[in-house]
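This report refers to the structure that appears directly beneath it.
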Amino acid sequence: MKHQAITRAFLTGLILLLLASCGEKPQAASTEGGAAAEPATGQGKRLALVVKNIGNPFFDAVNKGWQEACDELGVESIYRGPEQPTPEGQIEIMESLLAQRVDGITYVANDPQSLVNVSKKAIRRGVAVVGWESGVVPGSRQLATEPVSAAKIGADQIKLIADLIGHEGQIAILSAAATMDNQNTWIAHMKETLKEPAYAKIKLVAVVYGDDVREKSYNEALGLFKAYPELRGIISPTSVGLAATAKAVSDEGKIDKIEVTGLGLPSELAEYVQNDACKAFGLWNPVDLGYLNAYATFRLAQKEISGAPGETFSAGRLGTMTVEAQAGANYGLLYLGSLFRFDKSNIDEFKAVF
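Taken in order, the sequence shown gives residues 334 to 687; the numbers are from this note's numbering.
Below, the structure is given as structure tokens:
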């Protein structure tokens with residue numbers, strides 16, 4: 334998708350978030366069961382977004398995109414989450430939503446296994462069920478959504494560091510833990526991307542692990558500075574590692590000598606973006622993620638799609654989406670797109686959001 338289009342859409346959603354001018358506030362699960370929903374609007378559909386817990390700025394941003402899409406579709410939007418991120422709270426909420434006869438549910442699970450029974454019950458009753466991010470047992474959702482594919486996450490981070498160092502020089506990767514599958518998968522895709530002609534003058538000299546511990550990540554960054562005096566850039570695909578690396582660059586006077594990028598939260602990286610220790614980094618767009626989930630849930634509820642690989646549908650301003658196959662699963666997978674770039678041009682808007 335076009336960068337400018339993403340930026341406009343993201344800023345629109347975030348302005349709405351900051352003004353709190355539309356959308357339903359999240360409510361905690363009630364021990365007495367859910368209250369009756371308000372009368373449905375538009376086509377009479379009611380779609381529910383169930384998040385890990387209320388009061389989380391990231392999920393509030395997701396809900397803004399969800400609400401935006403629901404308004405466009407003319408359906409009633411419901412936003413729910415437990416007070417604390419517990420599986421029991423989510424089960425209670427989903428049971429309440431089934432009692433209210435909602436037409437579709439999208440959830441991000443605190444414990445994927447815990448939602449299997451209630452999700453299967455929903456599907457048996459004809460409720461459209463979409464699972465976002467966290468994996469669950471096959472048969473307990475009809476469609477999965479992910480922000481960005483692993484291949485795209487790897488490729489986008491290589492592009493970020495290449496742009497920062499002028500497509501030439503030594504780079505290193507400071508990962509979380511060596512046992513983390515997602516980190517290892519992203520790194521594998523980074524290595525594949527580096528084989529492309531555009532990156533022929535970039536050399537990966539080391540992969541180190543900070544175990545998502547700030548002090549250890551900081552010390553690993555210092556070790557890279559010492560071991561590789563010609564080092565030009567470091568990628569850290571984890572917010573803890575990225576912030577620690579940027580701090581090390583700041584503390585050691587390496588700004589503009591060693592460039593830093595990766596995956597991180599604006600709230601944790603704003604200081605280092607402003608002082609040029611981390612000029613740019615990426616993450617997925619929570620507003621667009623909510624928007625996509627609402628459209629996917631609606632299309633399922635309308636039986637316009639079944640969640641089978643190869644199906645396509647219109648997702649409003651995101652354009653046409655294609656359901657992809659997922660190994661070992663009996664449901665399809667949707668990817669939002671590319672990483673969203675954070676830098677000085679937008680960090681102030683986002684640092685208060687997540």
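Note that CB positions come from ideal geometry on N, CA and C, so glycine has one too.
If you're wondering where the values come from, they're calculated on a predicted model, not measured in any experiment.
In the pairwise beta carbon analysis, the region 569-586 is classified as touching the region 537-555: at least three pairs are separated by under 8 Å. Contact between Arg474 and Val460 does not hold, since their C-beta atoms are separated by about 11 Å, which reaches or exceeds 8 Å. Considering only Gly472, Phe675, Leu431, the residue with the shortest C-alpha distance to Gly661 is Gly472. Under DSSP, Gln503 forms a beta bridge with Lys536, Leu564. By the neighbour-count criterion, in which 16 or more other beta carbons inside 10 Å mark a residue as buried, Gln376 falls on the exposed side. Glu401 is positioned such that its CB atom lies no closer than 9 Å to that of Leu667. For Ile638, the CB contacts under 6 Å within the same chain, skipping 5 residues up- and downstream, are Arg632, Glu644, Phe646 in chain order. Between Lys454 and Gly414, the C-beta gap is not smaller than 9 Å, which leaves the two residues out of contact. A straight-line Cα-Cα distance of about 10 Å links Phe614 and Ser572. Counting of Cβ neighbours within 10 angstroms places Asp489 among the buried residues, the total reaching 16 or more. Given a length threshold of 4 residues, each whole run of the alpha helix (DSSP H) inside the region 609-686 is given here in chain order: 619-634, 680-683.
For Phe392, the CB contacts under 6 Å within the same chain, skipping 5 residues up- and downstream, are Val384 in chain order.
Boundaries of the alpha helix (DSSP H) harbouring Arg457: 449-457, taken from the DSSP string.
Closest by C-alpha distance to Asn396, out of Asn626, Glu563, Gln635, Leu651, is Asn626.
Taking C-beta separations shorter than 7 Å and ignoring five residues to either side along the sequence, the partners of Ile494 in its chain run Ile504, Gly566, Ile568, Glu592, Thr594, following chain order.
Taking 9 Å as the cut-off, the beta carbon of Pro420 is found no closer than this to the beta carbon of Leu382.
Judged by their CB atoms, Val451 and Glu416 are not nearer to each other than the 9 Å cut-off. Under the DSSP assignment, Gly595 falls in the beta strand (DSSP E) whose first and last residues are 592-595. Excluding the 5 residues flanking it on each side, Ile535 has same chain C-beta neighbours closer than 7 Å at Ala495, His500, Glu501, Gly502, Ile504, Leu527, in chain order. Taking 9 Å as the cut-off, the Cβ atoms of Leu406 and Ala629 do not count as close. The C-alpha of Leu497 is placed about 8 Å away from the C-alpha of Lys612. Here Asp584 is exposed, its C-beta having fewer than 16 other C-beta atoms within 10 Å. Nearest to Asp676 by alpha-carbon distance, out of Ile438, Ala511, Gln607, is Gln607.
Lys636 and Leu622 have their C-alpha atoms roughly 21 Å apart.
Going by beta carbons, Gly464 and Ala442 fall inside the 9 Å limit. The shortest CA-to-CA distance from Leu598 to any of Ile456, Asp609, Trp617, Lys580 is the one to Trp617. For Ala461, the three-state secondary structure derived from DSSP is strand.
Of the other Cβ atoms in all chains shown, 16 or more fall within 10 Å of the Cβ of Glu425; this residue is therefore buried.
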